[in-house]
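Peer 1: Heads up, the sequence shown stops at 218 in the working numbering, and the numbers go up one at a time, no gaps.
Glycine included, C-beta positions come from ideal geometry on N, C-alpha and C.
Sharing a structure here in structure tokens format.
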Amino acid sequence: MGASPHFDDAGGPGVGRQVTSILFVCTANQCRSVLAEAIARRRFAGLPFVFASAGLIEGGRPMPPNGLHVAHENGFDLSGHLSKRADLRDLRGWDVVLTMTRSHVREVVAADAELWPRVFTLPQFTRWLDEHPPRKHVLLREWIEQEGAERHRTDMIGSSVDDDIADPVDGPPEEWRELIAELSADIDRIAGHLVPGQRNPSRFARV
């Protein structure tokens with residue numbers, strides 16, 4: 012299931028119920044969301060998951076040179092990447108939408124309030140799974156629509172150092188390395204919950 016889902020925009024992957032679909036969203040789809048997608052694809056390779064990424068502004072942008080360099084250090088060739096814009100009116104096909112900041116959550120939910128139970132920042136979702144581990148043999152979408160609906164809407168108000176992942180777009184390589192470490196730690200923790208027996212703690216894991 013490691014291949015890209017076939018869709019023209021970020022409206023949805025068109026996969027069956029037995030495949031979990033996760034969309035990563037950031038501002039421009041140049042840095043954070045595309046790296047999260049790459050890391051998740053590698054972490055979940057061969058498993059019934061599909062991943063994609065998109066931004067909230069017009070697409071067509073490549074990843075900055077420092078990002079390409081650090082991505083290559085970590086085994087990712089993103090030289091052909093061009094950003095794409097999410098269609099916020101058509102995201103219901105995704106089981107989970109994971110953003111990089113609370114402001115991204117607000118924008119997604121403002122466009123379609125019915126998405127609320129399934130939209131989190133990536134760090135929020137990591138903590139949510141720690142606190143609400145999914146039941147075995149329950150489809151993620153069905154579980155999260157029940158459990159996620161009980162979340163407090165205050166979870167998306169303002170900004171938070173715990174929930175917002177910094178954008179390294181104009182930053183030096185070290186900021187990109189920190190981003191990859193942060194994304195890797197969260198995605199490893201998510202995998203530990205969603206794929207029983209597949210735990211593989213990252214050396215970047217948060218403490």
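With a 10 Å radius around its C-beta and 16 neighbouring C-beta atoms as the bar for buried, classify Gln135 as buried or exposed.
Peer 2: For the purposes of this step, residue 135 is taken as the residue at position 124 of the sequence shown. By the 10 Å Cβ count, Gln135 comes out buried.
Peer 1: Inspect the beta-carbon positions of Gly78 and Ser94 and report whether they are closer than 8 Å.
Peer 2: On the sequence shown, position 67 is the one that residue 78 refers to. On the sequence shown, position 83 is the one that residue 94 refers to. Going by C-beta atoms, Gly78 is not nearer than 8 Å to Ser94.
Peer 1: With three or more beta-carbon pairs closer than 8 Å as the criterion, would you say the stretch 151-167 touches the stretch 101-108?
Peer 2: The stretch 151-167 is in contact with the stretch 101-108.
Peer 1: What number of angstroms, rounded off, separates the C-alpha of Glu69 from the C-alpha of His92?
Peer 2: One-based indexing of the sequence shown puts residue 69 at position 58. One-based indexing of the sequence shown puts residue 92 at position 81. Rounded to whole angstroms, Glu69 to His92 spans 14 Å at the Cα level.
Peer 1: In angstroms with no decimal places, state the Cα-to-Cα distance between Pro59 and Ile168.
Peer 2: Within the sequence shown, numbered from 1, the residue matching residue 59 stands at position 48. Within the sequence shown, numbered from 1, the residue matching residue 168 stands at position 157. Cα to Cα, the separation comes out at about 33 Å.
Peer 1: Output the boundary residues of the beta strand (DSSP E) element that contains Thr137.
Peer 2: In the sequence shown, residue 137 corresponds to position 126, counting from 1. Premise fails: Thr137 lies in the alpha helix (DSSP H), Leu133 to Glu142, not in any beta strand (DSSP E).
Peer 1: For Leu194 and His143, I'd like the C-alpha separation in whole angstroms.
Peer 2: Numbered from 1 along the sequence shown, position 183 holds the residue referred to as residue 194. Numbered from 1 along the sequence shown, position 132 holds the residue referred to as residue 143. Taking the straight line joining both Cα atoms gives about 20 Å.
Peer 1: From the DSSP secondary-structure annotation, give me the bridge partner or partners of Gly66.
Peer 2: Taking the sequence shown and counting its residues from 1, the one referred to as residue 66 is at position 55. In DSSP, Gly66 forms a bridge with Cys37 and Arg96.
Peer 1: If you count every other CB in all the chains shown that lies within 10 Å of the CB of Ala63, and 16 or more means buried, which is it?
Peer 2: Numbered from 1 along the sequence shown, position 52 holds the residue referred to as residue 63. Buried, by the Cβ-count rule.
Peer 1: Output the distance between the C-alpha atoms of Val81 and Trp139, rounded to the nearest integer angstrom.
Peer 2: Taking the sequence shown and counting its residues from 1, one reaches residue 81 at position 70. Taking the sequence shown and counting its residues from 1, one reaches residue 139 at position 128. If you take the alpha carbons of Val81 and Trp139, they lie about 29 Å apart.
Peer 1: Go ahead and pull the three-state DSSP assignment for Leu109.
Peer 2: By one-based count along the sequence shown, residue 109 stands at place 98. Correct three-state label for Leu109: strand.
Peer 1: How many Å lie between Ser171 and Ser114 at the Cα?
Peer 2: As a working mapping, residue 171 is identified with position 160 in the sequence shown. As a working mapping, residue 114 is identified with position 103 in the sequence shown. Cα to Cα, Ser171 sits roughly 10 Å from Ser114.
Peer 1: Please classify Ile198: is it buried, with 16 or more other beta-carbons within 10 angstroms of its beta-carbon, or exposed?
Peer 2: Locating residue 198 in the sequence shown gives position 187, counting from the first residue. Ile198 comes out buried.
Peer 1: Quick check on the DSSP output: the alpha helix (DSSP H) that includes Ser195 runs from which residue to which?
Peer 2: On the sequence shown, position 184 is the one that residue 195 refers to. Note, Ser195: alpha helix (DSSP H), Pro184 to Leu205.
Peer 1: Where Ala202 and Thr132 are concerned, what is the direct C-alpha to C-alpha distance, given to the nearest angstrom?
Peer 2: As a working mapping, residue 202 is identified with position 191 in the sequence shown. As a working mapping, residue 132 is identified with position 121 in the sequence shown. Spanning the two alpha carbons is a distance of roughly 16 Å.
Peer 1: Which residue's Cα is closest to the Cα of Thr38: Gly159, Arg117, Pro76 and Pro145?
Peer 2: Walking along the sequence shown from the start, residue 38 turns up at place 27. Residue Arg117 is the option with its Cα nearest to Thr38.
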